[in-house]
Amino acid sequence: MPTATATLSVSFGPSKKPHLSFCPFGATSITLTNFTSPPIRRPMTTSAVSIEKETVISERPHTFLRQTDGEDNGSIRSRFQSMILEMQESVCGALEALDGAGKFKEDAWTRPGGGGGISRVLQDGAVFEKAGVNISVFYGVMPPEAYRAAKASAADQKPGPVPFFAAGISSVLHPKNPFAPTLHINYRYFETDARKDTPGAPRQWWFGGGTDLTPAYIFEEDVKQFHSDGGGVIRDGNFVIFSNISILRECADSVVPAYIPILEKRKDTPFNESHKAWQQLRRSRYVEFNLVYDRGTTFGLKTGGRIESILMSLPLTARWEYDHKPEEGSEEWKLLDACMNPKDWI
-13 MPTATATLSV
-3 SFGPSKKPHL
7 SFCPFGATSI
17 TLTNFTSPPI
27 RRPMTTSAVS
37 IEKETVISER
47 PHTFLRQTDG
57 EDNGSIRSRF
67 QSMILEMQES
77 VCGALEALDG
87 AGKFKEDAWT
97 RPGGGGGISR
107 VLQDGAVFEK
117 AGVNISVFYG
127 VMPPEAYRAA
137 KASAADQKPG
147 PVPFFAAGIS
157 SVLHPKNPFA
167 PTLHINYRYF
177 ETDARKDTPG
187 APRQWWFGGG
197 TDLTPAYIFE
207 EDVKQFHSDG
217 GGVIRDGNFV
227 IFSNISILRE
237 CADSVVPAYI
247 PILEKRKDTP
257 FNESHKAWQQ
267 LRRSRYVEFN
277 LVYDRGTTFG
287 LKTGGRIESI
297 LMSLPLTARW
307 EYDHKPEEGS
317 EEWKLLDACM
327 NPKDWI
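Residue 183 in our numbering is what sits at position 197 of the sequence shown, and the numbering runs on without skipping anything.
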């Protein structure tokens, strides 16, 4: 069982009253052997998965959709692509304005059969050590294990490769100041389809995603503020399914406006080397969760996604110490206690 990471979970309880909690990550372990082994030992990524290799381009295209999907025909695919492109612009603009010094570097790419994406990363800014905002559109065929990673349900096991379409936006923000929390945003649209040569493949579609506020130090007023300003961001573990695009858009649009006031309040808080060391230790657990348990990351690794963009989410620096235990009663200990003993914060 991995040491829990302090992730703020914002969700709706049975009474539909929104509540917040810090929850340990306890997902089933997913091995990365197939990712780290030589190509000859990776049959899953070389034969069972079919996503065409990306080509880096100098200018972003008008659309990443195939012509058969229509560029602006009011379909869910085109509406969702427009939403994530607009959100990327607004999020990056707000973050650059807050940082005051750093600028986002942009990479765009396409794939021959349709799809592609845009990665934007800001590094070594005045406020952010690293901030990334990615959008992507994919067409491909995935193995059953990748389908389960995306759908998050053991009951969805299928006998053969599953054709799919996926589009999404993912952002991870790592501030320099250890008293300022990390933020993770991920919203996506997913379709699977059936083809004549893939019997048993499901015909399904869904919206999913959520938001994590991940502090190294707990400030209860920040927890309350994030919830109050966030308009009820829905979160359940690491995956939530939305009923329609309007609800997803409402949640997505509320996240950064809820986060920036917290960052403005904490970004200039004085800190010492011990505070920074604790932040680095917590980031090591963030790396662990991201690479081993996070469904979005594991799905990307299992389906031949663009590695440079997938690893955008990792912090620029982190620290690993064996069996580190903070002093009981300390502020660092309070964080771990909140992880292991979740509670309602409002």
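Glycine included, C-beta positions come from ideal geometry on N, C-alpha and C. Note that this is a predicted model, so its numbers are computed, not measured.
Does DSSP classify T284 as helix, strand or coil? helix
Coarse secondary structure for P161, derived from DSSP in three states: strand
Neighbourhood of M73 by C-beta, 7 Å cutoff - its chain only, sequence neighbours within 5 removed: I155 and A238
A244, DSSP secondary structure in three states: helix
Near I231, which residues of its chain fall below 8 Å by C-beta distance, leaving aside the five closest residues on each side in sequence? So the qualifying residues of the chain are I62, R65, F66, M69, Y175 and F193.
In the structure shown, what three-state DSSP assignment does G290 receive? coil
How close, in whole Å, do the beta carbons of F50 and G102 come, if the pair is a contact with beta carbons under 8 Å? 4 Å
Count the other C-beta atoms from every protein chain shown that fall within 10 angstroms of the C-beta of L302, then say buried if there are 16 or more, exposed otherwise. exposed
Let me know the secondary structure DSSP gives T54 once reduced to three states. When secondary structure is reduced to three states using DSSP, T54 falls in the helix class.
On a CA-only basis, which of R106, E75, P167 and E92 is nearest E250? Give me that one, please. P167
P147 versus R252 - alpha carbon distance: Between the alpha carbons of P147 and R252 lies a distance of about 47 Å.
As assigned by DSSP and simplified to three states, the class of G99: coil
For E177: DSSP bridge partner residues: DSSP lists F151 and W191 as partners of E177.
When the Cβ atoms of the stretch 268 to 278 are set against those of the stretch 286 to 303, are three or more pairs found closer than 8 Å? Contact holds between the stretch 268 to 278 and the stretch 286 to 303, because three or more Cβ pairs, one in each stretch, are under 8 Å apart.
For Q109, write down the residues that DSSP places opposite it in a beta bridge. K116
Would you tell me roughly how many angstroms separate the C-alpha atoms of A244 and E307, rounded to the nearest one? Distance between the alpha carbons of A244 and E307 is about 33 Å.
Out of I171, G100, G282 and Y125, which one is the CA nearest neighbour of V119? Of I171, G100, G282 and Y125, the residue nearest in Cα terms is I171.
Given that a residue counts as buried once 16 or more other Cβ atoms are within 10 Å of its Cβ, and exposed if not, what is P47? exposed
Quick one, are the C-beta atoms of W331 and V209 less than 8 Å apart? yes
Rounding to the nearest angstrom, what Cα-Cα distance links L322 and Q266 in this structure? 15 Å
By how many angstroms is the C-alpha of S76 removed from the C-alpha of K89? 14 Å
Since Y272 sits in a beta bridge, which residues does DSSP pair it with? DSSP, once it has assigned bridges, lists no residue as partnering Y272.
Mapping DSSP to helix, strand and coil, what is F225? Because the pLDDT at F225 is just 42, under 50, the model does not fix this residue reliably, and the point stays unresolved.
What does DSSP give as the partner residue(s) for I62 in the beta ladder? I62 is not bridged to any residue.
Less than 8 Å between the C-beta atoms of T289 and G126, yes or no? yes
Paired residues, beta bridge with A347 - DSSP: Residue 347 lies beyond the residue range present for the chain, which begins at -13 and ends at 332; the question has no answer from this structure.
What runs of the beta strand (DSSP E), each 3 residues or longer, lie entirely inside the stretch 293 to 319? none
Figure out for me which residue from C325, R292 and K262 has the closest Cα to the Cα of K39. R292
Rounded to the nearest angstrom, what separates T(-11) and Y173 at their Cα positions? Reliability fails at T(-11), whose pLDDT of 38 lies under 50, so the model's placement of it is uncertain and the value that follows must be treated cautiously. If I take the Cα positions, the gap works out to 26 Å.
Secondary structure of K2, DSSP reduced to three states: Bear in mind that the predicted position of K2 carries a pLDDT of just 36, short of 50, making it unreliable; the figure below should be weighed with that in mind. Taken through DSSP and simplified to helix, strand or coil, K2 comes out as coil.
Once DSSP output is grouped into helix, strand and coil, what is the label at D254? D254 falls in the coil class under three-state DSSP.
Is it right to say R271 is buried, meaning 16 or more other beta carbons lie within 10 angstroms of its own, or is it exposed? Answer is buried; the Cβ neighbour count reaches 16.
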